[in-house]
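Going left to right, the sequence shown walks through residues 52 to 361 as this note's numbering numbers them.
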Amino acid sequence: MVVNVILTSYVFDVNECLSKIIVLSEPMKLNMVKLLANYPKVKVLFRIILFWIVFVGLFITVSTLYSFFPALNSRAQGLRNGITGTLIAFFVTWIFLKFEKRSFKEFGLFWERNSFFRFIKGILLGTAIFAVIFLSLLQWSPLQVLKNNKGVDIWMLVSYLSIYPLALMEEIAFRSYSFLVLNKVFGLWVSLVISAVAFALYHVAGGWNVYTAFMGPFVWAFVFGLAAVWSKGIAVPTGIHVALNFSQVFVGMKGNSASIWKLSFTKDASKELIARTETIGELFQLLVLVVALIATWFFIRWHHPSCNKE
């Protein structure tokens, strides 16, 4: 995949768009224009931030409009939001590509013969990662897995079905156009950090607390981003994303409403061990981050040294 980012001439005027969003004094506007003119990288960064703002803004707006219609089952809402978000992500990407006179194909947003197999590869990889973490957590904590006797119904199936469009929506918004542009201009390390911060803040905007957003989505953004660069597309990271979310729902890590299994503490678990379980989970998250950073270093060193250039 070849990504040619135009640094010197934009059809879509970022300065004009920012001036409509943020009220600035004339001296501040002049200084910002000079800054963006003299530093093309800053201009690109503002452009990608604007992309994320438009995506999140449209998604929140449409979600708010849904409140004027009859309420749906909470699981049906998840499916609706996933489909809506995916369409919005494609739409916003199309707008920015239209102004740049670029195509979806240049950013890997097209279906090809190997797309499905790459997605399955991501599913297998994500399932393996989750299995290692989950089995280790069971080994070193007083958690146990019990069968959820709630039974299977149509709404449970809807819950699992919604996982795919919700993951695809986020991969389009954070690992396709925006990520590849950042990677071309700033290099892989900086683009991973920027997109990870944006991914965490996106979850904060969705109601997550800051700590959870940076211990979860921020960490996994490094895994998804590396997978996107390694596989030259979003099929693999989408597969990993789907597998992780599916597995968490399946074993009851996101509540028992749609789980096949459920988690509980053993009867002889002390308060100290129960309190330590959360710490163990956080350590695994940090371990995932460390492994992702090491894998990124090896990827740059062995495969694409040009990814690390500024």
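Just so it is clear, CB atoms sit at the ideal spot from N, CA and C, and this is done for glycine as well.
Remember, it's a predicted structure, so these values are computed and weren't measured experimentally.
CB-CB under 8 Å to residue i, same chain, minus the five flanking residues each way: which ones, in chain order?
i    : result
G177 : G290, I291, H292, V293, A294, L295, S298
So residue i and residue j are supposed to be a Cβ contact under 8 Å. How far apart are they, rounded?
i    : j    : result
S229 : I99  : 5 Å
E222 : I180 : Their Cβ separation, rounded to whole angstroms, is 16 Å, which puts E222 and I180 out of contact at 8 Å.
F106 : I139 : 6 Å
V143 : L96  : Incorrect: roughly 17 Å between the Cβ atoms, too far for contact.
G136 : L217 : 7 Å
F158 : L231 : 6 Å
F350 : W259 : Contact flag wrong, Cβ pair sits at about 29 Å.
So, at 6 Å on beta carbons, what are the nonlocal neighbours of residue i in its own chain, with the 5 sequence-adjacent residues on each side left out?
i    : result
S192 : T328, I331
T347 : L277
M207 : A309
A224 : F106, A140
Please state the DSSP three-state secondary structure of residue i.
i    : result
G306 : strand
S315 : strand
K198 : strand
N397 : No information on residue 397 is available, as it lies outside the stretch 52 to 361 that the chain covers here.
V255 : helix
Y90  : coil
L101 : helix
K156 : helix
A122 : coil
I325 : helix
R131 : helix
F161 : coil
I73  : For I73, the predicted model reports a pLDDT of 45, less than 50, meaning its position is unreliable; a value from the coordinates is still stated below. In the structure shown, I73 sits in coil (DSSP, three-state: anything other than H, G, I, E or B).
V274 : helix
Please identify the residue among the options whose C-alpha is closest to the C-alpha of residue i.
i    : options                : result
F141 : N132, F350, F155, E151 : F155
L188 : L344, L338, M220       : L338
A247 : L233, A272, G238       : A272
S315 : L194, E323, V236       : L194
V270 : D319, L334, M220, V236 : L334
P288 : K94, M220, F119        : M220
K283 : V236, A326, E163, F265 : E163
L123 : L344, N260, V209       : V209
S227 : F147, N199, A320       : F147
V300 : Y117, S114, R126, K94  : R126
G267 : Q336, I104, T112, S114 : Q336
V93  : E151, F150, Q128, L233 : L233
Looking only at its chain, what residues have a beta carbon closer than 7 Å to the beta carbon of residue i, apart from the 5 residues adjacent to it on each side?
i    : result
E323 : none
Q302 : Just to set this straight, residue 302 is Val in the shown sequence, not Gln. Result list for V302: F185, V196, S310, W312, L314, in chain order.
T317 : P193, Q195
Quick one: is the Cβ of residue i within less than 7 Å of any heavy atom of the ligand GDP?
i    : result
S213 : As for the ligand GDP, it is missing from this structure, which has no ligand bound.
Next on the checklist: Is it the case that the stretch 243–255 contacts the stretch 267–287, given that we only count it when at least three CB pairs across the two stretches are under 8 Å?
Outcome noted: With the rule of 3 Cβ pairs closer than 8 Å, the stretch 267–287 counts as touching the stretch 243–255.
Below 8 Å, can you find three or more Cβ-Cβ pairs linking the stretch 247–254 to the stretch 163–176?
By the Cβ test, the stretch 247–254 is not in contact with the stretch 163–176, since fewer than three Cβ pairs between them sit closer than 8 Å.
* Tell me, please, whether the stretch 120–133 touches the stretch 211–221 by the rule of three or more beta-carbon pairs shorter than 8 Å. => Per the Cβ contact rule, the stretch 120–133 is in contact with the stretch 211–221 (3 or more Cβ pairs under 8 Å).
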